[in-house]
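Per this note's numbering, the very first residue in the sequence shown carries number 14; after that it's consecutive.
Glycine residues also receive a C-beta, built at the ideal position from the N, C-alpha and C atoms.
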Amino acid sequence: MKFEYKTRRLIIRPLNSNDYEQWFDAYVNGLPQKNKWDHSPLKSEKCKKTAFNRTKKKLKELSDQDDYYRYYIFDKKTGAIIGKIDFDIYVRGTHQFANFGYLIFNRYWRKGFGKEASRAGLKIGFKHLKLNRLEAAINLDNKVSIRLAKSIGMKKEGIKKRYWYEFGKWTDHIIYVANPEDIGMKAKKPVIK
Ligand SMILES: CC(C)(COP(=O)(O)OP(=O)(O)OC[C@H]1O[C@@H](n2cnc3c(N)ncnc32)[C@H](O)[C@@H]1OP(=O)(O)O)[C@@H](O)C(=O)NCCC(=O)NCCS
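Encoded structure:
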């Protein structure tokens with residue numbers, strides 16, 4: 014399904030075959046890693062056209078299976094890829110529930126792009142992907158992500174203990190959630206296949 018979502022400064026959409034240069038630039042030319050949630054820049058050998066094609070193919074397969082959707086965030090002015098949002102579909106049926114993730118490449122931090130893109134991400138999740146529950150699972154010490162989740166209208170739900178295996182251990186997460194009503198949209202009945 015061809016899809017594109019525009020905000021004031023951004024275009025949010027899946028990768029397409031013409032995005033190699035921007036993709037390479039995003040992953041290779043970042044600033045050194047700034048915190049544990051940040052991407053560290055990759056060596057250019059890791060970002061050859063074959064790796065790009067593999068990523069694109071894998072993402073297409075996953076979205077065709079309704080398993081996982083990753084949308085890249087493009088700067089309207091420059092065409093650069095400045096980040097990505099993703100939706101990991103956990104349950105459809107009577108839940109319509111996905112994990113919602115966001116990342117801005119570190120050269121573009123603190124310009125409001127994270128908020129602009131993830132606010133749009135909630136709309137994309139509810140309207141385009143027909144979800145009813147978007148959950149951001151955040152490390153307890155990731156203050157910036159917590160601030161972002163709050164500021165786009167997500168609601169704190171609680172702590173999931175030992176929820177995610179990362180950084181070499183099972184980590185607790187604070188859960189921020191949005192339903193359509195939280196951002197002024199109407200909840201829809203689930204389509205149950
Ligand atoms: C979290 C992240 C997406 C924020 O992106 P960003 O474009 O810099 O965020 P914004 O400029 O839209 O700022 C969002 C809010 O956080 C605040 N903020 C951003 N960086 C901050 C910092 N270093 N210190 C304090 N506050 C900060 C902003 O002031 C803003 O707050 P406000 O809504 O009260 O005005 C980005 O830091 C990132 O990609 N981090 C690594 C990946 C990550 O942690 N993802 C989330 C995993 S759960």
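From the DSSP output, which residues share a beta bridge with residue 83?
-> If you number the sequence shown from 1, residue 83 lands on position 70. Answer is 99.
Could you tell me whether any non-hydrogen atom of ligand 1 is closer than 7 Å to the CB of residue 200?
-> Here residue 200 refers to the residue found at position 187 of the sequence shown. Residue 200 Cβ: outside cutoff for every heavy atom of ligand 1.
Skipping 5 residues on each side, what residues in its chain have a beta carbon closer than 6 Å to that of residue 76?
-> Position 63 of the sequence shown, counting from 1, holds the residue named residue 76. These residues qualify, in order along the chain: 82.
Could you tell me whether the region 176-186 touches the region 78-98, where touching means 3 or more Cβ pairs closer than 8 Å?
-> no
Nearest-angstrom Cα separation, counted from residue 128 out to residue 116 | The residue given as residue 116 occupies position 103 in the sequence shown. The residue given as residue 128 occupies position 115 in the sequence shown. Taking the straight line joining both Cα atoms gives about 10 Å.
Count the other CB atoms within 10 Å of the CB of residue 21; is the residue buried (16 or more) or exposed (fewer)?
-> Position 8 of the sequence shown, counted from the start, is the residue given in the question as residue 21. Exposed: under 16 other Cβ atoms inside 10 Å.
Distance CB(residue 138)-CB(residue 113) smaller than 8 Å | One-based indexing of the sequence shown puts residue 138 at position 125. One-based indexing of the sequence shown puts residue 113 at position 100. Against a cut-off of 8 Å, the Cβ pair of residue 113 and residue 138 comes out as a contact.
Which one or two residues does DSSP pair with residue 183 in a beta bridge?
-> In the sequence shown, the residue the question calls residue 183 occupies position 170. According to DSSP, which records beta bridges pairwise, residue 183 is partnered with 178.
For residue 162, which of helix, strand or coil comes out of DSSP?
-> Mapped onto the sequence shown, residue 162 falls at position 149. Helix, per DSSP.
Which residue from 71, 91, 145 and 94 puts its Cα closest to that of residue 102?
-> Stepping through the sequence shown from its first residue, residue 102 is reached at position 89. From the listed residues 71, 91, 145 and 94, the smallest Cα separation to residue 102 is found for 145.
Can you grab the Cα-Cα spacing for the pair residue 199 / residue 63, in whole Å?
-> Position 186 of the sequence shown, counting from 1, holds the residue named residue 199. Position 50 of the sequence shown, counting from 1, holds the residue named residue 63. Each residue's alpha carbon lies about 42 Å from the other.
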